[in-house]
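Student: For reference, the structure I am asking about is given below.
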Amino acid sequence: MLDISNYVFFFFTLVTILLSCLVYILTRHSHNPKCANLPPGPKGWPVVGNLLQFARSGKQFFEYVDEMRNIYGPIFTLKMGIRTMIIISDANLAHQALIERGAQFATRPAETPTRKIFSSSDITVHSAMYGPVWRSLRRNMVQNMLCSNRLKEFGSIRKSAIDKLVEKIKSEAKENDGLVWVLRNARFAAFCILLDMCFGVKMEEESIEKMDQMMTEILTAVDPRIHDYLPILTPFYFKERKNSLELRRKLVQFVVGFIEKRRLAIRNLGSDKTASSFAYLDTLFDLRVDGRETSPSDEDLVTLCSEFLNAGTDTTGTAIEWGIAELISNPKIQSRLYDEIKSTVGDDRTVEEKDLNKMVFLQAFVKELLRRHPPTYFTLTHGVTEPTNLAGYDIPVGANVEFYLPGISEDPKIWSKPEKFDPDRFITGGEDADLTGVAGVKMMPFGIGRRICPGLGMAVVHVS
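Residues in the sequence shown are numbered consecutively from 636, following the numbering used here.
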């Protein structure tokens, strides 16, 4: 979530502290003397806040958060430069915020300058502020693309991708004495599925790989940098911004070609024999977005397609890799899963999606996988639509409200032996979890509430 090299901090520490002191002296009298009653947290420097402490810890951000929550409790504050982060790692507080008072916690804080380059004025489901634009985009995605009936229509695409994945793994294992690169292969299979669903036109292997490379470069480009928290350092990052603008230009130029290809295919039905009957793009061409006067432009379409591809690629690949790792570490679980597959489908055919609901142990395995290894350590950042209060503390507008997922899914007050990977907890152990969080929060790998991941159902199918 926050990947900042230590050498950058060492280089700028002295300058930053001097500037911090100067800014603090110049501005201390202009601030409201009544400080907000924020949740507790480590005391930081003026202006830079806790950035230096985090950098000097030598930890990854999730490790630092885990350490701080053991000191300050289930809700605490980190001051990261100009950003105030409120970290929540308690199931009851998550339910209060995102379910009971969902509308108040349903917006997003302002995007970083780099993310704005790729978000096309926040016209994405995940980054749009809570309001009419977000409602229109999400409603379109859920009703026209990710509903159960529509997902069934894409079954043949998933089957084709899985067949290719199996053949690729077999070939790789044969060439490398049984060694395979699970994450790379699983991630690419998920990407190909989403690519077909999004564009609905045939792409050459070279184009698929180029698209995949660009999506990966975008994810790297939007990783938080120190100047996202200390804008005064932005001039030192002009090269990174220039590179991001160039990447965006190349992306638009490349993707618009496939957008136009799909547009022609649906205008002249039958002209492209390889085109599918339906794609995500079809729902976007003439979409009426509340709060906007026109339908999405080609640049907007590039942004929405990029979001669709990136949202479900790496998370699915990572989940599958963890699943394989757990099967290797737990031979008994692997044997039980194999036996269930054999008893369900027999020896004469491969597993089909219609078989999944019959496999109780597989469903339990996937739930335990999502509990023990959620796709990310944090949900996407939340913000509040108005100043509010949680657990007796103030939550100001503009604060980054972060939900730390392992703090919930590994809570011993909720789960018995939470450190153990045990699918049986969902069968004979009497434990269960509503992934939507409505009935109560015990795990939230896809978020919960109004901003819950719209692709939850599709993700579970892909992992299964």
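Even for Gly, the Cβ is constructed at its ideal location relative to N, Cα and C. Here the structure is a predicted model, which means the values were calculated and not measured.
With a 10 Å radius around its C-beta and 16 neighbouring C-beta atoms as the bar for buried, classify glutamine 739 as buried or exposed.
Tutor: Buried, since its Cβ has 16 or more Cβ neighbours within 10 Å.
Student: Apart from the five residues on each side of it in sequence, which residues of its chain come closer than 6 Å, Cβ to Cβ, to asparagine 1035?
Tutor: Residues of the same chain with a CB within less than 6 Å of the CB of asparagine 1035, apart from the 5 flanking positions on each side, are Arg718, Met720, Pro744 and Thr1016 in chain order.
Student: Within a Cβ cutoff of 6 Å, which residues of the same chain sit near leucine 713, ignoring the five residues on either side of it in sequence?
Tutor: Gly676, Asn685 and Met720
Student: Around the C-beta of lysine 1002, are 16 or more other C-beta atoms found within 10 angstroms, so that it is buried, or is it exposed?
Tutor: buried
Student: Roughly how many angstroms separate the alpha carbons of leucine 880 and serine 932, rounded to a whole number?
Tutor: If you take the alpha carbons of leucine 880 and serine 932, they lie about 18 Å apart.
Student: Could you say if the region 758–776 and the region 916–931 meet the contact criterion of at least three C-beta pairs nearer than 8 Å?
Tutor: Yes, they touch.
Student: When burial is assigned at 16 or more other CB atoms within 10 Å of the CB, is isoleucine 1030 buried or exposed?
Tutor: buried
Student: Is the region 693–707 in contact with the region 976–996, if contact means three or more CB pairs nearer than 8 Å?
Tutor: no
Student: My parser needs the beta strand (DSSP E) runs of 3 or more residues fully inside the region 784–837; what are they?
Tutor: none
Student: Pairs of beta-carbons, one from the region 942–960 and one from the region 997–1012, closer than 8 Å: are there three or more?
Tutor: yes
Student: Would you mind reading off the limits of the alpha helix (DSSP H) that contains threonine 951?
Tutor: 933–964
Student: Are there 16 or more other CB atoms within 10 angstroms of the CB of glutamate 844, so buried, or fewer, so exposed?
Tutor: exposed
Student: Name the DSSP bridge partner or partners of aspartate 1029?
Tutor: For aspartate 1029, which the question treats as bridged, DSSP gives the partners Asn1024.
Student: Give the secondary structure of arginine 860 by DSSP, where H, G and I count as helix, E and B as strand, and everything else as coil.
Tutor: When secondary structure is reduced to three states using DSSP, arginine 860 falls in the coil class, being assigned neither helix nor strand.
Student: Tell me which same chain residues have a C-beta within less than 8 Å of the C-beta of arginine 750, skipping the five on either side of it?
Tutor: Ser762 and Val857
Student: Do threonine 1014 and valine 1032 have their CB atoms nearer than 9 Å?
Tutor: no
Student: Please report the distance separating the alpha-carbon of alanine 808 from that of valine 986.
Tutor: 21 Å
Student: Do the region 911–918 and the region 808–824 touch if we need at least three Cβ pairs shorter than 8 Å?
Tutor: no
Student: Just to confirm before moving on: does the CB-CB distance between glycine 952 and leucine 733 stay below 9 Å?
Tutor: No, Cβ-Cβ distance for glycine 952 and leucine 733 is not below 9 Å.
Student: Taking the beta carbon of alanine 671 as the centre, do at least 16 other beta carbons fall within 10 Å, making it buried, or is it exposed?
Tutor: exposed
Student: With C-beta atoms as the reference, is phenylalanine 789 less than 9 Å away from isoleucine 758?
Tutor: no
Student: So, using beta-carbon positions, are leucine 786 and alanine 824 closer together than 9 Å?
Tutor: no
Student: Of all the alpha helix (DSSP H) runs that stay within the bounds of the region 1012–1081, which reach a length of 4 or more residues?
Tutor: Here the runs fully enclosed are 1041–1044.
Student: With DSSP collapsed to three states, give me the class of lysine 845.
Tutor: helix
Student: Excluding the five sequence neighbours on either side, which residues of its own chain have a C-beta within less than 6 Å of the C-beta of threonine 742, listed in chain order?
Tutor: Met764, Tyr765, Gly1018 and Thr1020
Student: In this structure, how does DSSP classify phenylalanine 920 when only helix, strand and coil are distinguished?
Tutor: coil
Student: So isoleucine 723 is in the beta strand (DSSP E); what residue range does that whole segment cover?
Tutor: Start and end: 718–723.
Student: Can you grab the Cα-Cα spacing for the pair asparagine 775 / threonine 918, in whole Å?
Tutor: 7 Å
Student: Just to confirm my understanding: we take phenylalanine 1106, look at its own chain, exclude 5 residues before and 5 after, and list those with CB closer than 8 Å. What are they?
Tutor: Only positions 636 to 1099 of the chain appear in this structure, which leaves residue 1106 out of reach.
Student: Give the DSSP bridge partners of methionine 715, in chain order.
Tutor: Under DSSP, methionine 715 shares a beta bridge with Gly684 and Arg718.
Student: Note the first and the last residue of the continuous alpha helix (DSSP H) segment covering lysine 885.
Tutor: 873–902
Student: Going by beta carbon distance, what residues of the same chain come within less than 8 Å of isoleucine 853, once the five residues before and after it are set aside?
Tutor: Phe753, Leu882, Leu886, Ser941 and Asn945
Student: Nearest by alpha-carbon distance to leucine 972: which of Thr938, Pro1058 and Glu1037 is it?
Tutor: Pro1058
Student: Could you say if the region 982–996 and the region 1036–1045 meet the contact criterion of at least three C-beta pairs nearer than 8 Å?
Tutor: No, the region 982–996 does not touch the region 1036–1045.
Student: Considering only DSSP beta bridges, list what threonine 742 is partnered with.
Tutor: Gly1018
Student: Quick one: what does DSSP say isoleucine 706 is sitting in, helix, strand or coil?
Tutor: DSSP places isoleucine 706 in the helix class (H, G or I) of the three-state scheme.
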